[in-house]
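Residue numbers (the numbering used here), protein chains in the order written: chain A, 9 to 220; chain B, 9 to 220; chain C, 9 to 220; chain D, 9 to 220.
Here is the structure we will look at.
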DNA sequence: AATGAATGAGCTTTCATTCAT
DNA sequence: TATGAATGAAAGCTCATTCAT
């Protein structure tokens, strides 16, 4: 009777189910996860899943939604306007990487499952887009005299891509958060803020774009 | 009946099937692609697929293999040792991004499908790892007096991650190759080659690590 | 819809399925029996078969197991040690032949299907071997002064073979149980217990064994 | 090029194919044998099989037919009217068991495959029936003063059944022909020729028939 | 509120069989 | 004569989903 036939309040049951679902989805992937497996993991019966969530797709969407929200919440501290841009960047990086480090299942479900799943990618792309926007804003506000045509969004796309790649290594336990944050901070702070095609100049004085 | 019922030599049919398979896999994903759909797309019968490739898994593996090979071939020009590191980098970036631009299906199958498919990720990860190693080597060889503790591999991970993120935008038709190559070149050339935590120093002379 | 869509307790459904399976297997043979055919015969859907028995092989094994058990149970009375060997033999024969007479499907599935099916023959051969051993023992215990080199096992093999051949005729409705039991009793009681090569003697009086 | 593309006379090809077919059928059973396997074994192409035999069923029938004929031929010496009944029996037994011993594949295909194959059993049953008739005739002709109601056919059925069971052991290499022939000769000569229900007598002296 | 029982629909895979050369 | 190329048809199996209690 692990879990038994207790009557639980709806909110509790919902979380219990989502917890199980996120676990199994992150372990086996969306398609290789059966509703049976989730029900078993949650110690409830299959019809309960359908009663609460309607379908496998909706259940997965609920997972994405909850984990995405947690993800965004984890990044909130970075938005503190009292901090200098560079501090904000550092906080954002540590928040992001720390979240991945401590919620590997969330990360797997959100990024490695949802993004590759026809029909769910868009939903995740929203969270991702907000992260990219945030990053673009940070880059812009910390750049003095930006080159007129600078496209901070695409820079943010690249930076976030780098961040995700590094996050995968963190989720895999291959590197630690501090080291990763250092690397990305450097990358953001120096590599992205420069002019876009300043070959003739920067090859000689590449630092002019960002140094004091 | 586009294609008809002609008898084709084995080699031709093989390519015809792979073409169809790559198309459909890239459109619908591995799991949501049925062998029927591939057979229909290739204008052949399902048993032919099994006769030539044995199973869905093996067919998918064959797709990965062919596209992966093409991918590697596209990057070959970058290995020219006659070029200066920076030139090699530029060529590599343009080759890579150009390939993605002109073979969006290959990119989708290789990266967005294979990497997320349990059992195939490893196969692709190998190619990816080689790309990372190559990048790390490039970074190292273009850095004078590198900081002793510098981990070029993780830098390469980040850079490749950035490249993949940008490549996705190219595959999505959102940006063009030139712009993306500029961005990544800058990123690689300046952002990654410095010391890892040189705040106090490099913010003043960030160029010492790489400029003449 | 003979049977309808009622909800039945597990144990009942199990028997219902096995009944249908034994019927269809005995009619068409293992390979020419489809799971669809069994499901239809049992008035249920195919997934139920898989839910309860896992696979076609396991379903067939379950048939063998149940019918084999019934078969063994039918022979139990013969083991009564209070009976003289000859009585035991008579009871065994009548039990055996009576069972075949009244459970022709069981007989067909067990002997004509299972024994010829690679992978299941062994399972049945075990029961058969036990029957042979039992017969050998019976023969030995009812023989006074057995010839030293007498191989009772091979005798039992022959006798059981004769019994099976006769049983086939009973299952085919060609002869009746009494007649068959008489024949086999005679065969066992007189034909098998003698010396193996008594040429010189019996070739002259071959009739002494049976004539008045 | 084992076999190559030689033009062979029809008769030779036919035997070549049948040899291969009998081999593979006896190894894997009818259903688990594919036309591909037979073609490969015969070193020819599949369409040749169809050209010569029309269908898998017809090919199998041809196997049964050829092997059955050989089987019957092997028994021919036993019909020599110059021999005494007992000699005829001995010859028949040795012919039969010797054939099985030296043509195990034939035996397997004819008895263990064909008999259990819906649609072919009848065809084999013919050969078998002739064997049974022959046996019945031998029994009858060697019995003096047969009991009026004696059914020699069912006796022959039992005896042939015993012979087949013993033959299986020979095919399995468990016993040798001589020993088996001795046993069956004894069985036929003494066990089957008597009255069918001689209870009152033999229950008192059951051993008189065989003890010294 | 909760679940054991049940199924429609679809997928991968395998042949026996035939065509076109 | 001989075969590489091709397929129609069907089988085993799974799963998301629902009904009846």
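From the three backbone atoms N, C-alpha and C, an ideal C-beta is built for every residue, glycine too.
Cβ neighbours of residue i in the same chain (closer than 7 Å, five flanking residues each side left out)
i	result
residue 33/C	41, 68, 71, 117 and 121
residue 192/B	101, 170, 171 and 174
residue 46/B	28, 29, 32 and 57
residue 233/C	For chain C, the structure presents residues 9 to 220; residue 233/C sits outside this window and is missing.
residue 85/C	99 and 103
residue 215/A	Note on residue 215/A: pLDDT 38, under 50, position unreliable in the model; the coordinate value appears next. There are no such residues.
Where residue i meets chain C, residues with beta-carbon distance less than 9 Å
i	result
residue 145/D	None at all; the shortest Cβ gap to chain C is about 17 Å.
Below-8 Å beta-carbon distance, residue i vs any chain D residue
i	result
residue 101/C	no
residue 138/C	no
residue 25/C	no
residue 16/C	no
Chain B contact for residue i (CB, 8 Å cutoff)
i	result
residue 37/A	yes
residue 181/A	no
residue 40/A	yes
residue 195/A	yes
residue 126/A	yes
residue 80/A	no
Residue-chain proximity (residue i, chain C), Cβ-Cβ < 8 Å
i	result
residue 163/D	yes
residue 120/D	yes
residue 90/D	no
residue 57/D	no
residue 142/D	no
Close beta carbons around residue i, own chain, < 6 Å, minus the five adjacent residues each side
i	result
residue 189/C	101, 102 and 105
residue 115/C	108 and 179
residue 74/A	26
residue 135/C	76
residue 220/A	Caution is warranted here: a pLDDT of 29 is assigned to residue 220/A, below 50, making its placement in the model unreliable, and no coordinate value can be reported.
Proximal residues of chain B, C-beta to C-beta of residue i below 7 Å
i	result
residue 168/A	173
Residue i: contacting residues in chain B (beta-carbon distance under 8 Å)
i	result
residue 149/A	Ordered by position in chain B, no residue passes the 8 Å Cβ test against residue 149/A, which lies about 17 Å from the chain.
Opening and closing residue of the alpha helix (DSSP H) in which residue i lies
i	result
residue 145/B	129-149
residue 182/D	Here residue 182/D belongs to no alpha helix (DSSP H), and DSSP marks it neither H nor E.
residue 26/B	18-36
residue 114/C	112-115
residue 45/B	43-49
residue 40/D	Run containing residue 40/D: none; DSSP gives neither H nor E here.
residue 153/A	No alpha helix (DSSP H) contains residue 153/A, which DSSP labels as neither H nor E.
residue 61/A	54-61
residue 65/C	64-83
Cβ-Cβ separation, residue j to residue i (assumed contact under 8 Å), whole Å
i	j	result
residue 109/C	residue 178/C	5 Å
residue 96/A	residue 88/A	7 Å
residue 139/D	residue 168/D	6 Å
residue 164/C	residue 147/C	6 Å
residue 183/B	residue 162/A	6 Å
residue 198/A	residue 150/A	Not confirmed; about 11 Å, so no contact.
residue 38/B	residue 131/B	Contact doesn't hold; Cβ gap of about 13 Å is too wide.
Chain-order list of residues whose beta-carbon lies under 8 Å from that of residue i (same chain, five-residue window excluded)
i	result
residue 25/B	46, 50, 52, 56, 57, 60, 61 and 67
residue 54/A	43, 44 and 47
Contacts of residue i in chain D (Cβ-Cβ under 7 Å)
i	result
residue 230/C	Because chain C in this structure spans residues 9 to 220, residue 230/C falls outside the shown range and cannot be described.
residue 191/C	162, 163, 166 and 204
Residue-level contact to chain A via CB, residue i, 8 Å cutoff
i	result
residue 6/B	Chain B is shown only over 9 to 220; residue 6/B falls outside these bounds and no answer can be derived.
residue 198/B	yes
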